[in-house]
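Notes for the one structure printed next.
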Amino acid sequence: MVYMKIFTNRETIECEKESAYYFENKREGEGNSFNFMINNKRYYILFVAAVASLGGLLFGYDTAVIAGAEQSIQLYLVDNLGLSSFVHGLTVSSALVGCIIGAIVSGILSNKIGRRNTLVIAAALFFLSALGSAYPELLFFTVGEPSLALLVTFNIYRIIGGIGVGLASAIAPIYISEMSPQNIRGKMVVLYSMSVVFGQTIVYVVNWQIALGRTTEWINDIGWRLMFASELIPAALFFFLLLFIPETPRYMALKKEYDKAFNLLEKLNGSKQVATETLQQIKHSLNTKTEKVNLFYYGKLVLIVGMTLAVLQQFIGINVILYYAPRIFENLGADQSTSMFQTIFVGAIGVVVAFLSYRLIDKKGRKFLLLFGSAGCAICLTAVAALFFAGIEGIATLLFILGFVAVFQMTWGPVTWVILSELFPNKIRGQAVAIAVTLVWGANLAASSTFPPLNEALGTGVFLIYGLISTFAFFFVLKFVPETKNKSLEEIEETWLANKKSEVNVDTDLQKKIN
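In short: position in the sequence shown from 1, add 428, done, that's my numbering.
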């Protein structure tokens, strides 16, 4: 019998025992292969995590599809109207406005209608955006007649998709985190992050295949539309599969549906005792008096750490590469077809190193990976800028850019989402994650929309800025970020409560000295 190497040897033995039990039931006529899959807790956890991770795939797909289309859009909707490079940057980044909106409302929606139903809404928005971005002229305009109104309409459709990304990026990691036992929670959330990178890689391949062997005129006329329309397929699949997964036990407990929460916890953990203990911890966490709980109830440090990590993940500069990769590679001497092919390496490297992150996240820990990533990104980005200032561009610059992508996608890319999904206490998780993800997309918008004018002014030397930010990130993580591996969400919460008491004691002692 072959198993995915996700669990420890002890857990694999337990899995074999459970498998034997269910196969025995099958021989006795008590089940079938589908029931075996959904009853075995490990397969079931993988199934729900994989479905939620499709939100990550669409996150990556929607944000990276613009890389293949942005030059055609510039010609059709920006240059033909005589607009500036800053307008082009805003158009490329317009989906991020939606990401901010989606992130802001995600906490409210997820607490009102549930984590899963929020993801259903995100799936519908992905589908609508893909259709509208491909043919913004669909309802009110004529193809081939660009206008300012058409530019605005295109951006509206991109913003709609961005709202879906904002919702999925905030809620999918929460969903997976709340559904996963603590010993594999990091791996399961990394599965989501791997899906983001996988989505980016898929769309790079799709874009390249659409453009392969085609003339520039065809790409600028039809090709870019097919790139956006290709997202319709994964969006429809995401919507369909979401109908087969449940709400999370912590949301059920939040709504006082304790029997449902217990049954699901038993299914996820395979033990009534563990389910009982976990539900007691959840109820204790949620039973904090509501009137005493605001965003700062658990202290200021937890918010500072979470929000700063969110901003740093984007200011390090990864999405500058993802959004403008073909243009950057063309600046290094590649033609349009070759530059699109080279973007596939950006995605493929991300997929490969994401597996390393998957293996290391619960072994080495979150903090170690962030420190390693900060140092590696700083070295690669500074080297890119140094080569530019030395007048050396070509294969060496390309290798350092790919090195930066590899280090980031192994560390800051997945680990930030893991930490944001588990850092904040149950009572404020929805609200705090919503704010953190809003900052992720706000920082993304700031970084990506300012890249075109900065690139015009500084050339590849602009990467020195991102290198300095990576250096700052190293020292911030070293000083302030706690380790969360192998801790339950409720144990992490107790850590912040203890830290808050220390903050209060320090403030009290300081006040006494002043008086």
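Where is the CB? At the ideal position from N, CA and C, for every residue including glycine. It should be emphasised that the depicted structure is a prediction, and the values quoted were computed from it without experimental measurement.
Here's the rule: buried if 16 or more other CB atoms are within 10 angstroms of the residue's CB, otherwise exposed. What is residue i?
| i | result |
| --- | --- |
| Gln837 | buried |
| Asp687 | exposed |
| His516 | buried |
| Trp924 | buried |
| Gly822 | exposed |
| Asn715 | exposed |
| Ala926 | exposed |
| Val580 | exposed |
| Ala639 | buried |
| Trp869 | buried |
| Val625 | buried |
| Leu671 | exposed |
| Gly819 | exposed |
| Glu884 | exposed |
| Ala497 | buried |
| Cys443 | Confidence at Cys443 is low in this model, with a pLDDT of 42, below 50, so its placement is unreliable and no value can be given for it. |
| Gly457 | In this prediction, Gly457 scores a pLDDT of 39, lower than 50, which makes its location untrustworthy; the coordinate-derived value is nonetheless stated afterwards. Gly457 is exposed by the Cβ-count criterion. |
| Glu452 | Bear in mind that the predicted position of Glu452 carries a pLDDT of just 38, short of 50, making it unreliable; the figure below should be weighed with that in mind. Glu452 comes out exposed. |
| Ile591 | buried |
| Lys615 | buried |
| Lys717 | With a pLDDT of 45 at Lys717, under the threshold of 50, the modelled position of that residue is not reliable, and the figure given next carries that caveat. Looking at its Cβ environment, which holds fewer than 16 other Cβ atoms inside 10 Å, Lys717 is exposed. |
| Gly510 | exposed |
| Asn697 | buried |
| Leu566 | exposed |
| Asp790 | buried |
| Val919 | It is worth fixing the name first, because residue 919 is Glu in this sequence and not Val. Answer is exposed; the Cβ neighbour count stays below 16. |
| Thr643 | exposed |
| Ile647 | buried |
| Ser512 | exposed |
Spell out whether any CB of chain D is found under 8 angstroms from the CB atom of residue i.
| i | result |
| --- | --- |
| Gly530 | Reference to chain D is not applicable here, since this structure consists of a single protein chain. |
Does the distance from the C-beta atom of residue i to that of residue j stay below 8 angstroms?
| i | j | result |
| --- | --- | --- |
| Asn635 | Asn747 | no |
| Leu559 | Gly589 | no |
| Gly627 | Tyr489 | yes |
| Gly530 | Leu595 | yes |
| Trp840 | Ile749 | no |
| Tyr620 | Ile604 | yes |
| Asn854 | Asn611 | no |
| Val548 | Phe667 | yes |
| Pro662 | Leu485 | yes |
| Arg794 | Val865 | no |
| Tyr472 | Lys695 | yes |
| Gly483 | Ala577 | no |
| Ala477 | Ser608 | yes |
| Val593 | Thr491 | yes |
| Gly526 | Arg470 | no |
| Ala860 | Ile532 | no |
| Leu723 | Ile856 | yes |
| Val774 | Leu830 | yes |
| Ser877 | Leu537 | no |
| Thr704 | Glu606 | no |
Just to confirm the assignment, what range does the alpha helix (DSSP H) spanning residue i have?
| i | result |
| --- | --- |
| Ala577 | 576 to 607 |
| Gly517 | 513 to 520 |
| Lys695 | 686 to 697 |
| Ser916 | Ser916 -> no alpha helix (DSSP H), and no H or E assigned at all. |
| Glu498 | 494 to 501 |
| Lys630 | Here residue 630 turns out to be Ile, not Lys, going by the sequence shown. That run of the alpha helix (DSSP H) goes 613 to 639. |
| Thr810 | 794 to 817 |
| Tyr726 | Looking at the DSSP string, Tyr726 is not in any alpha helix (DSSP H), and its letter there is neither H nor E. |
| Leu827 | 823 to 838 |
| Phe666 | 660 to 670 |
| Arg543 | 543 to 562 |
| Ile710 | 700 to 714 |
| Pro881 | 857 to 886 |
| Tyr504 | Neither: Tyr504 is in no alpha helix (DSSP H) and is coded neither H nor E. |
| Pro677 | 677 to 682 |
| Gly895 | 891 to 908 |
| Leu654 | 652 to 657 |
Quick one: measure Cβ to Cβ for residue i and residue j, integer angstroms, because I've assumed they're closer than 8 angstroms.
| i | j | result |
| --- | --- | --- |
| Phe902 | Ser785 | Between Ser785 and Phe902 the Cβ distance is about 18 angstroms, and since that is not below 8 angstroms, they are no contact. |
| Ser557 | Phe582 | Not confirmed; about 11 angstroms, so no contact. |
| Val730 | Phe852 | 7 angstroms |
| Phe555 | Leu660 | 6 angstroms |
| Leu848 | Gly734 | 6 angstroms |
| Gly889 | Phe832 | Wrong, their Cβ atoms sit about 15 angstroms apart, outside the cutoff. |
| Lys798 | Val909 | The sequence as given places Leu at residue 798; Lys does not occur at that position. The Cβ separation is near 6 angstroms, so the contact holds. |
| Asn508 | Gly858 | Not quite, the Cβ-Cβ distance comes to about 44 angstroms (not below 8 angstroms), so this is no contact. |
At a threshold of 7 angstroms, does residue i count as lining the ligand FAD (C-beta to nearest heavy atom)?
| i | result |
| --- | --- |
| Thr546 | Among the ligands in the structure shown, none appear at all, so the ligand FAD cannot be discussed. |
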